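Let me begin by presenting the structure, written as structure tokens, before commenting on it.
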Amino acid sequence: MSNKPILYMHTFSPPSRAVLMTGAALGIEFECKVVNLLEFAHLEPKFVKLNPQHTIPFLDDNGVLIADSHAICAYLVGKYGKDDSLYPKDLAKRAQVDSRLHFDSGHLFARLRFLYAPILYCKSSEMPEDRIQNIQTAWDILERFLSETPYVCGNDLTIADLCLVATASSLTDIVPLDPVKHSKIKQWIDRLSQLPYYEEVNAIGAKGLQAAIRKLLKKNAESK
Ligand SMILES: N[C@@H](CCC(=O)N[C@@H](CS)C(=O)NCC(=O)O)C(=O)O
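This note's numbering applies: residue 17 is where the sequence shown begins, and numbers increase by one.
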């Protein structure tokens, strides 16, 4: 008999929440193991041995070990999905989803990390203008993805929406959307907020991360 998949995660971590939302959409129960990055638990030798990349989320599904939220979400749909709607098997459709997943990984989340990591881990009290501008540029791209369709890959919800909204909603309090220029992103987040698991699985952690960033900005400035 197989055990519940083990998910190494933290609710502040956007990619962890993307996996948790995918799990909720598929009805998967994880055994969650919290990894506290602020206490550098991810750098403990035991975790680094398991995941040489020392990132969360990290999945251990009865010995199937996977790093990276995008890879984990795709695996979960293939293994546990009743159908392929969240990650289509059709090659052309799948390529669209992959393309958006790479946008999250290489652009939107990468830019969030570039802005937040110095504050979280290196006592920075700054939000450099160029890093904010980088995120504004990513907002403009995301807005274009949503110009004609309700979801980032068309008319249906996919894991690309779940991954991207986990990142986007972790930024909007810190780098606000322009109500006119980014109205489609706002509507898309509102649409995804209607998912029955969204508030508990994503919104609370996204707010928590941004509150922690604000608190640390102040604390880091005071301790200078
Ligand atoms: N592309 C990866 C990014 C994972 C990532 O950078 N996670 C952060 C937390 S949100 C982390 O584990 N940082 C610790 C480190 O990189 O050492 C994914 O989607 O899973």
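Glycine is no exception: its CB is placed at the ideal position from the N, C-alpha and C atoms.
Remember, it's a predicted structure, so these values are computed and weren't measured experimentally.
#1: Isoleucine 22 bridges to which residues according to DSSP?
#2: Taking its Cβ as the centre, do 16 or more other Cβ atoms sit within 10 Å of asparagine 67, making it buried, or is it exposed?
#3: Keeping to the same chain, check which residues put their C-beta closer than 7 Å to that of serine 11; ignore five residues upstream and five downstream.
#4: Figure out for me which residue from Gln112, Gly224, Glu47, His70 has the closest Cα to the Cα of proline 61.
#5: How is leucine 232 classed by DSSP in three states: helix, strand or coil?
#6: Starting from aspartate 106, trace the alpha helix (DSSP H) both ways and give me its first and last residue.
#7: Quick check: is the beta carbon of threonine 38 nearer than 9 Å to any beta carbon in chain B?
#8: Could you check whether the stretch 167-174 touches the stretch 26-33, counting it as contact only if at least three pairs of C-beta atoms, one from each stretch, sit closer than 8 Å?
#9: In chain order, what residues of the same chain lie with their CB nearer than 6 Å to the CB of valine 64, ignoring the 5 residues before and after it?
#10: How would you write the range of the alpha helix (DSSP H) that tyrosine 137 sits in, first residue to last?
#11: Measure how close the beta-carbons of leucine 208 and aspartate 177 come, nearest whole angstrom, since I'm counting them as under 8 Å.
#12: So, helix, strand or coil for isoleucine 220, using DSSP?
#13: Restricting to Cα atoms, I'd like to know which of Asp84, Pro104, Ala41 is closest to glutamate 216.
#14: Would you kindly check if the distance between the Cβ of alanine 182 and the Cβ of serine 85 is under 9 Å?
#15: Which ranges would you report for the alpha helix (DSSP H) in the stretch 131-203 if only whole runs of at least 4 residues count?
#16: How is leucine 66 classed by DSSP in three states: helix, strand or coil?
#17: Across the stretch 219-233 and the stretch 127-142, are there enough close Cβ pairs to call them in contact, namely three or more that are closer than 8 Å?
#18: Can you check DSSP and say which residues form a bridge with alanine 83?
#19: When you compare each of Leu158, Ala133, Trp204 to arginine 116 by their alpha carbons, which one comes out closest?
#20: Just to confirm the assignment, what range does the alpha helix (DSSP H) spanning leucine 42 have?
On the basis of the data shown:
#1: Glu47, Asp76
#2: buried
#3: With the chain covering 17 to 240 only, the question about residue 11 has no answer from this structure.
#4: His70
#5: helix
#6: Segment: none, aspartate 106 is in no alpha helix (DSSP H) and carries neither H nor E.
#7: Here chain B cannot be found, since the structure has a single protein chain.
#8: no
#9: His70
#10: 125-137
#11: 6 Å
#12: helix
#13: Ala41
#14: yes
#15: 145-161, 175-184
#16: helix
#17: yes
#18: Phe74
#19: Leu158
#20: 30-42
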